[in-house]
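Notes for the one structure printed next.
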Amino acid sequence: MLFIVADNTERSVAESHGISRRKLVELEQSFVHCGALGLLPKLSFLEIDARLEQLVVLIKRARPHERSNHALRISEALGFPGGDLEIIRLVQRCHGYGHRMKEKDIRYFEELQHILNSAARQRAKKKAM
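For this note's numbering, count along the sequence shown from 1 and bump the result up by 2.
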């Protein structure tokens, strides 16, 4: 965790944390532009067909105890690309399924997905400028 005290110079802060001054400046700029999410090393996104993601979430909402194999069979029948069990389980975890299955937990993960998507869009806008 980086803590910068007003009395410390960039050099002393960078040396105390074992990073270069350039990296320290990059972290500072990223924090100023994106907030706390800017301090994450990288938001890792996996390109998943939106229809597949919607299908997986729809199945879990309609039948919470249904297995991932069911979503895989339906996605294959509908011809959605990129559907395998690992991807389907990843989508379920990202939307809060596989956790405690309380309504508040699912809402939390939905809002978290929204925040991460917004942060990615903001970073893309900043890079385009």
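Ideal Cβ placement from N, Cα and C applies to all residues, glycine included.
DSSP three-state label for residue i, please.
i, result
"Asp51", "coil"
"His97", "coil"
"Phe111", "helix"
"Gly40", "helix"
"Asn71", "helix"
"Asn119", "helix"
"Ser18", "helix"
"Phe33", "helix"
Keeping to the same chain, check which residues put their C-beta closer than 6 Å to that of residue i; ignore five residues upstream and five downstream.
i, result
"Ile108", "Gly98"
"Val59", "His97"
"Pro83", "Asp51"
Residues in its own chain within less than 8 Å of residue i by CB, not counting five upstream and five downstream?
i, result
"Glu12", "Arg23, Leu26, Val27"
"Glu68", "Ile61, Lys62"
"Leu74", "Gly85, Asp86, Leu87, Ile90"
What whole-angstrom Cβ distance do residue i and residue j have, given they're in contact under 8 Å?
i, j, result
"Ser70", "Arg91", "5 Å"
Can you check which of these residues, the options, is closest to residue i by C-alpha distance?
i, options, result
"Leu42", "Arg125, Lys129, Ala130", "Arg125"
"Glu112", "Gln56, Ala16, Lys127", "Gln56"
"Lys128", "Gly40, Ser18, Glu17", "Gly40"
"Arg95", "Leu80, Ala79, Leu114", "Leu114"
The region 50-58 / the region 24-37 touching (three or more Cβ pairs under 8 Å): no
The region 108-119 / the region 75-91 touching (three or more Cβ pairs under 8 Å): no
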